[in-house]
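Chains as they are written, first to last, in our numbering: chain B, 1 to 303; chain L, 1001 to 1296.
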Amino acid sequence: MIARRPWWNRYTGLRNRGMNPQGFHVSQLKFYVVLIPLSVLMLLPVVYIISSAFKPPDELFAFPPRLLVTNPTLDNFRDLFSRLSTSGVPITRYLFNSIMITAITVAASILVSSTAAYALSKKRFRLKQALFAINTVALMFVPVAVTIPRFLVIENLNLLDSFLVHILPVLALPVGVFLLKQFVDGIPDEVIEAAQIDGASDWRLYWRIIMPMIKPAIATIAILTFQAAWNNAEISTLYINTESQRTLAFYLTTLTSATTTANAVAGQGIAAAAALIMFLPNLIIFIVLQRQVMSTMSRSGLK
Amino acid sequence: MTTVRKPARREVSLATRESLYGYGFILLWVIGFCVFTALPLAQTFLYSLNTVSVTATSINLDFVEWANYSRALFTDPNFIELLIGFSVETLVSVPIVLIFAMIVAMFLNLKFRFKGLFRVIFFLPIVITSGPVIRELTEQGAASAPGIANNPAVIAFLEELPRALRSPVEYLLTSFVLILWFSGVQIMIYLAGLQKIDRSVYDAAAIDGASGWETFWKIVLPSLSTVTVVNAIYTIIILSHFSENKVIRYIYDQTYNVQGGIGYASAMSFIYFGVMVVILAVICFALLRWARRSSR
Chain B
1 MIARRPWWNR YTGLRNRGMN PQGFHVSQLK FYVVLIPLSV LMLLPVVYII
51 SSAFKPPDEL FAFPPRLLVT NPTLDNFRDL FSRLSTSGVP ITRYLFNSIM
101 ITAITVAASI LVSSTAAYAL SKKRFRLKQA LFAINTVALM FVPVAVTIPR
151 FLVIENLNLL DSFLVHILPV LALPVGVFLL KQFVDGIPDE VIEAAQIDGA
201 SDWRLYWRII MPMIKPAIAT IAILTFQAAW NNAEISTLYI NTESQRTLAF
251 YLTTLTSATT TANAVAGQGI AAAAALIMFL PNLIIFIVLQ RQVMSTMSRS
301 GLK
Chain L
1001 MTTVRKPARR EVSLATRESL YGYGFILLWV IGFCVFTALP LAQTFLYSLN
1051 TVSVTATSIN LDFVEWANYS RALFTDPNFI ELLIGFSVET LVSVPIVLIF
1101 AMIVAMFLNL KFRFKGLFRV IFFLPIVITS GPVIRELTEQ GAASAPGIAN
1151 NPAVIAFLEE LPRALRSPVE YLLTSFVLIL WFSGVQIMIY LAGLQKIDRS
1201 VYDAAAIDGA SGWETFWKIV LPSLSTVTVV NAIYTIIILS HFSENKVIRY
1251 IYDQTYNVQG GIGYASAMSF IYFGVMVVIL AVICFALLRW ARRSSR
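Structure (structure tokens):
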């Protein structure tokens, strides 16, 4: 893009409106005037979730709720950890389950969605249009409504109480195929034809050409799938009976739910602390993967 | 004759091979989809035509034809109201998300310092709206701004408006922040779309003396038309799936309610599904027509 021109005539275009100076310039102030307030809005939830976890009870119940904590305390975490030590299954077990399940789910669902997206976008076969339409429309079905039939399917497949039940139902992340297909569509056919002429097999084409070119979308899907898997307490509730097969998300909800808490006030604090603990991995994954999204977006083959 | 037929039998034709590979690549997904989505969906449709009672050992079906549907549509006092409210909210939210995402993406596509940081920040809602964070926030009332709706000036303003406009505008004012949080991925998609526009097109437009305003309407917007359709579909899907969605909440409550039951909840799900598909179809149809016209 810009870097292709030498620096001395980089900004001497015919009608350079002063939009692209190299460093900071007073004319850029207008961008910051718009963007900074909006980005504060975007950051608000993160600030809120972090500060809530450190709020003492009186601040948690203050009305109207305040965003920032005034007297930070670690009591919420202390309460949470004192609960942890009293349960039968060690917390490391839940943690291990969650990490394994999340890792496998993310990897497998990227594989499934990206192969499907590749086929839907670049292959020619009869049911293509119909399959994509079905996928898009089926995305909108209320997930709650299929809970019971899905339970029956899982029961019939003998998957109840198994490790696989954590992974298989969430593999087809609704938006995965949809989003990836749009990005594969953006790859010009010439690139694929060139690779085919050079003798690349279909699999190689997919792995070496398609995948690197849709990295931003893959990273996005990875973030979304990670969250769906990591925060999933539902599967542990519905399909798992053995305590040691359940996930951290499930465990933390049992700790914070009203039935197990002696007093509701302490429960709120523990819930806030648990929410922060559950949220942090999401944030870390986001920070790790956003570089993939941003950097490849600015100079990838998506042109 | 045999010599001619022989290679034809051994080598499958190119088109067949192509489609075989196509099916091969999509196979995993199709199996997963059939087992965990299509099959349960069919089952749910069956439930929606029955009164379902669950006992410890079995599920009993009692065929009632369309009674569940007519109950949801004509008897239930809440469902239709919630459904209409949600449809209006969707129709308001989608354009807002699209316009907001497009404006922010165009800002982020410019060159200025800390651009990278801002891009990250505007992408951040992706970890907020799909995680447990948003539940916490909506429970605390942080996602809406009730203060705005209680402001006397705003109340006076709302009363000035015609009745049909009032609730969408009020929704817009109170949930503006929430709507913006839904635009993380859309901003990214728009950015990718903007980066596909070749710089030389801008240069050519500048040489022809086009102003920035004209460049936007004649170059940027038409180039983003297909991306806009994608974003619109994505937004509708995300909104319809949102766990704090009132209609979904209601259906969930009814599923385990003595008076409701699985059959009734299934029927409501299908009605909701139908409405969402119609909304999707309407918005897509309008946008696609516009996209086709502007790309010409």
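All C-beta atoms in this analysis are idealised placements derived from N, C-alpha and C, irrespective of residue type, glycine included.
As the structure is a computational prediction, the values presented were derived from the model and not from experiment.
- Query: Would you say residue 107(B) reaches chain L, if we count a Cβ-Cβ gap shorter than 9 Å as a contact?
  - Reply: Counted from its first residue, the first sequence places residue 107(B) at position 107. Judged by the 9 Å Cβ criterion, residue 107(B) is not in contact with chain L.
- Query: Rounded to whole angstroms, how far is the Cβ of residue 1052(L) from the Cβ of residue 1262(L), which I believe are closer than 8 Å?
  - Reply: Indexing the second sequence from 1 puts residue 1052(L) at position 52. Indexing the second sequence from 1 puts residue 1262(L) at position 262. At roughly 4 Å, the Cβ-Cβ gap stays under 8 Å, so residue 1052(L) and residue 1262(L) are in contact.
- Item | Proximal residues, the stretch 123-144 of chain B versus chain L, C-beta separation under 9 Å | 123, 124, 125, 126, 127, 128, 131, 134, 135, 136, 137, 138, 139, 140, 141, 142, 143 and 144
- Output the distance between the C-alpha atoms of residue 126(B) and residue 1016(L), rounded to the nearest integer angstrom. Within the first sequence, residue 126(B) is the residue found at index 126, counting from 1. Within the second sequence, residue 1016(L) is the residue found at index 16, counting from 1. Cα to Cα, residue 126(B) sits roughly 10 Å from residue 1016(L).
- Item | alpha helix (DSSP H) segments (min. 4 residues) lying fully within the stretch 180-253 of chain B | 189-197, 215-230 and 234-239
- Query: Can you find a CB in chain L that lies within less than 9 Å of the CB of residue 70(B)?
  - Reply: Residue numbering aside, residue 70(B) sits at position 70 when the first sequence is read from its first letter. Cβ-Cβ to chain L under 9 Å: no for residue 70(B).
- Query: Count the other CB atoms within 10 Å of the CB of residue 308(B); is the residue buried (16 or more) or exposed (fewer)?
  - Reply: What is shown of chain B runs 1 to 303, which leaves residue 308(B) out entirely.
- Helix, strand or coil for residue 54(B), going by three-state DSSP, please let me know. Along the first sequence, read from residue 1 onward, the residue named residue 54(B) stands at position 54. Coil at residue 54(B), not helix or strand.
- Where residue 196(B) meets chain L, residues with beta-carbon distance less than 9 Å: For the purposes of this step, residue 196(B) is taken as the residue at position 196 of the first sequence. Within 9 Å Cβ-Cβ: nothing; residue 196(B) doesn't reach chain L, min ~11 Å.
- Looking at the unbroken beta strand (DSSP E) that takes in residue 148(B), where does it start and where does it end? As a working note, residue 148(B) is residue 148 in the first sequence. Note, residue 148(B): premise wrong, no beta strand (DSSP E); alpha helix (DSSP H) at 147-156.
- For the putative contact between residue 1191(L) and residue 1109(L), defined by C-beta atoms under 8 Å, what is the C-beta separation to the nearest angstrom? What you label residue 1191(L) is simply residue 191 of the second sequence in a count that begins at 1. What you label residue 1109(L) is simply residue 109 of the second sequence in a count that begins at 1. Confirmed, about 6 Å.
- Counting along the chain, where does the alpha helix (DSSP H) carrying residue 92(B) start and finish? The sequence position of residue 92(B) within the first sequence is 92, counting from 1. Run containing residue 92(B): 91-122, per the alpha helix (DSSP H) assignment.
- Query: Given a threshold of 16 other Cβ atoms within 10 Å of its Cβ, counted over all protein chains shown, does residue 282(B) qualify as buried or as exposed?
  - Reply: Position 282 of the first sequence, counted from the first residue, corresponds to residue 282(B). Answer is buried; the Cβ neighbour count reaches 16.
- Of all the options 80(B), 54(B) and 133(B), which has the alpha carbon lying nearest to the alpha carbon of residue 181(B)? Residue mapping note: residue 181(B) aligns to position 181 of the first sequence, counting from 1. Minimum Cα distance to residue 181(B) is reached at 133(B).
- Item | Anticipated Cβ contact below 8 Å, residue 1294(L) with residue 1221(L), distance rounded | For this step, residue 1294(L) is matched to residue 294 along the second sequence. For this step, residue 1221(L) is matched to residue 221 along the second sequence. That pair is a contact at about 7 Å.
- Would you identify the three-state DSSP class for residue 1059(L), choosing helix, strand or coil? Residue 1059(L) sits at position 59 when you count from the first residue of the second sequence. Correct three-state label for residue 1059(L): strand.
- Name the chain B residues whose beta carbon is nearer than 7 Å to that of residue 1092(L)? As a working mapping, residue 1092(L) is identified with position 92 in the second sequence. Within chain B, no residue comes near residue 1092(L); the closest Cβ sits about 18 Å away, beyond 7 Å.
- Task: Give the secondary structure of residue 1013(L) by DSSP, where H, G and I count as helix, E and B as strand, and everything else as coil.
- Result: What you label residue 1013(L) is simply residue 13 of the second sequence in a count that begins at 1. Looking at residue 1013(L) - three-state DSSP - the assignment turns out to be coil, as it is neither helix nor strand.
- Query: Nearest chain C C-beta to residue 1113(L) closer than 9 Å, yes or no?
  - Reply: Chain labels in this structure do not include chain C; the protein chains are B and L.
- Taking the alpha helix (DSSP H) that residue 1053(L) falls in, what are its first and last residues? Position 53 of the second sequence, counted from the first residue, corresponds to residue 1053(L). Looking at the DSSP string, residue 1053(L) is not in any alpha helix (DSSP H); the run it does join, the beta strand (DSSP E), is 1050-1054.
- Item | Rounded Cβ spacing between residue 135(B) and residue 178(B) (contact assumed at less than 8 Å) | Position 135 of the first sequence, counting from 1, holds the residue named residue 135(B). Position 178 of the first sequence, counting from 1, holds the residue named residue 178(B). Indeed, because the Cβ distance is near 7 Å, the residues count as touching under 8 Å.
- Between the stretch 1226-1244 of chain L and the stretch 1269-1288 of chain L, do three or more beta carbon pairs fall short of 8 Å? yes
- Task: Could you work out which residues of chain B lie near residue 1201(L), taking near to mean beta carbons separated by less than 9 Å?
- Result: Here the question's residue 1201(L) lines up with position 201 in the second sequence. Per Cβ cutoff of 9 Å: no residues; residue 1201(L) is ~12 Å from chain B at best.
- Message: Using only CA atoms, which one of 142(B), 224(B), 94(B) and 193(B) lies nearest to residue 1241(L)?
- Response: Here residue 1241(L) is taken as the residue at index 241 of the second sequence, counted from 1. Per the Cα distances, 142(B).
- Task: Could you say if the stretch 227-245 of chain B and the stretch 201-212 of chain B meet the contact criterion of at least three C-beta pairs nearer than 8 Å?
- Result: no
- Message: Taking the beta carbon of residue 116(B) as the centre, do at least 16 other beta carbons fall within 10 Å, making it buried, or is it exposed?
- Response: As a working mapping, residue 116(B) is identified with position 116 in the first sequence. So residue 116(B) ends up on the buried side.
- Does the beta carbon of residue 1080(L) fall short of 8 Å from some heavy atom of the ligand MG? The model on display carries no ligand, and the ligand MG is accordingly not part of it.
- Taking Cβ positions, are residue 1264(L) and residue 1247(L) nearer each other than 9 Å? Residue 1264(L) sits at position 264 when you count from the first residue of the second sequence. Residue 1247(L) sits at position 247 when you count from the first residue of the second sequence. For residue 1264(L) and residue 1247(L), no; Cβs fall outside 9 Å.
- Query: Which residues, taken in chain order from the stretch 281-292 of chain B, show a beta carbon closer than 7 Å to some beta carbon of chain L?
  - Reply: 282, 283, 286 and 290
- Got a sec, what are the start and stop residues for the alpha helix (DSSP H) residue 1108(L) sits in? Residue numbering aside, residue 1108(L) sits at position 108 when the second sequence is read from its first letter. First-last of the alpha helix (DSSP H) with residue 1108(L): 1079-1108.
- Can you name the residues of chain B whose CB is closer than 9 Å to the CB of residue 1125(L)? For the purposes of this step, residue 1125(L) is identified with residue 125 of the second sequence, where counting begins at 1. By Cβ distance, chain B contributes 42 and 45.
- Can you tell which of 1071(L), 1038(L), 1207(L) and 1277(L) has its C-alpha closest to the C-alpha of residue 149(B)? As a first step, residue 149(B) must be located in the first sequence, where it is residue number 149. Checking every option, the nearest Cα to that of residue 149(B) belongs to 1038(L).
- Message: Quick check on DSSP: helix, strand or coil for residue 1225(L)?
- Response: Position 225 of the second sequence, counting from 1, holds the residue named residue 1225(L). Helix, per DSSP.
- Considering only C-alpha positions, which residue in the set 1080(L), 1171(L) and 1228(L) is nearest to residue 1187(L)? Stepping through the second sequence from its first residue, residue 1187(L) is reached at position 187. Nearest of 1080(L), 1171(L) and 1228(L) to residue 1187(L), Cα basis: 1228(L).
- Item | Through-space distance from residue 1202(L) to residue 251(B), alpha-carbon basis | Taking the first sequence and counting its residues from 1, the one referred to as residue 251(B) is at position 251. Taking the second sequence and counting its residues from 1, the one referred to as residue 1202(L) is at position 202. About 55 Å.
- Task: Throw me the rounded Cβ distance for the residue 61(B) and residue 73(B) pair, which I believe falls under 8 Å.
- Result: Mapped onto the first sequence, residue 61(B) falls at position 61. Mapped onto the first sequence, residue 73(B) falls at position 73. Not really, about 14 Å apart at Cβ, beyond 8 Å.
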